[in-house]
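In the working numbering, each residue carries its 1-based index in the sequence shown increased by 5.
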Amino acid sequence: MDYLWLKKIAGFDALPEEYRDIISLVGLDKFIQMMKAFDKTSIYFSKKGLLPLLQKYIVENKAVSAQKLAKELNISVRYVYKLKNLNADIL
Numbered sequence: 006m007d008y009l010w011l012k013k014i015a016g017f018d019a020l021p022e023e024y025r026d027i028i029s030l031v032g033l034d035k036f037i038q039m040m041k042a043f044d045k046t047s048i049y050f051s052k053k054g055l056l057p058l059l060q061k062y063i064v065e066n067k068a069v070s071a072q073k074l075a076k077e078l079n080i081s082v083r084y085v086y087k088l089k090n091l092n093a094d095i096l
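What follows is the structure in C-alpha cells.
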C-alpha cells in the first residue's frame, strides 16, 4: 500500500498516540517509510535486544566504576557486576 496520501491530510488527531509519537520523533516521511517496510507486522521495542551491546559497552569501559556505569546506563550496580562477570566468562 502506498501511504503518500498521508501527506495530504491536515492533522493526525485520529491516529493512535503511538503513531503520533513516532511522527513527532522521526517525521512524516520516515513514518511513511516505516509503514511500507513493516506493513502488517507488530513491532515491539525491547531493551533485551540491546543486551549484547550493553555488555560490550561495559567491557569497553571497564576502567569506569560500576556505580558510574550504573547511573549512566540506568541499571543497578549489581547488574553491572553481573554483566562484567558474564563477559569475564566469555573472554
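For every residue, glycine included, the Cβ atom is placed at its ideal position computed from N, Cα and C.
Problem set entry | Contacting residues, own chain, Cβ-Cβ under 7 angstroms from D44 (five flanking each side not counted) | On the sequence shown, position 39 is the one that residue 44 refers to. Answer for D44: M6, listed in chain order.
Exercise. In the structure shown, what three-state DSSP assignment does A68 receive?
Worked result: On the sequence shown, position 63 is the one that residue 68 refers to. Coil, per DSSP.
Problem set entry | Contact under 8 angstroms by Cβ, L11 with I37 | Residue mapping note: residue 11 aligns to position 6 of the sequence shown, counting from 1. Residue mapping note: residue 37 aligns to position 32 of the sequence shown, counting from 1. In this structure, I37 lies closer than 8 angstroms to L11 by Cβ.
Exercise. Can the beta-carbon of A68 be found less than 8 angstroms from the beta-carbon of V85?
Worked result: Residue mapping note: residue 68 aligns to position 63 of the sequence shown, counting from 1. Residue mapping note: residue 85 aligns to position 80 of the sequence shown, counting from 1. It is not a contact, given that the beta carbons lie outside the stated cut-off.
For this session: Less than 8 angstroms between the CB atoms is what I'm expecting for L59 and L30, so what's the real figure, rounded?
Result: In the sequence shown, counting from the first residue as 1, residue 59 sits at position 54. In the sequence shown, counting from the first residue as 1, residue 30 sits at position 25. Contact flag wrong, Cβ pair sits at about 22 angstroms.
Exercise. Of all Cβ atoms in chain C, is any one closer than 8 angstroms to the Cβ of F50?
Worked result: The structure shown contains no chain C, having only a single protein chain.
For this session: May I ask you to report which of helix, strand or coil DSSP gives F36?
Result: Taking the sequence shown and counting its residues from 1, one reaches residue 36 at position 31. Of the three classes helix, strand and coil, the one that applies to F36 here is helix, per DSSP.
Problem set entry | Backbone secondary structure at K45 - three-state DSSP | As a working note, residue 45 is residue 40 in the sequence shown. Coil, per DSSP.
Exercise. Per DSSP, what kind of secondary structure is D7 in: helix, strand or coil?
Worked result: Here residue 7 refers to the residue found at position 2 of the sequence shown. Correct three-state label for D7: coil.
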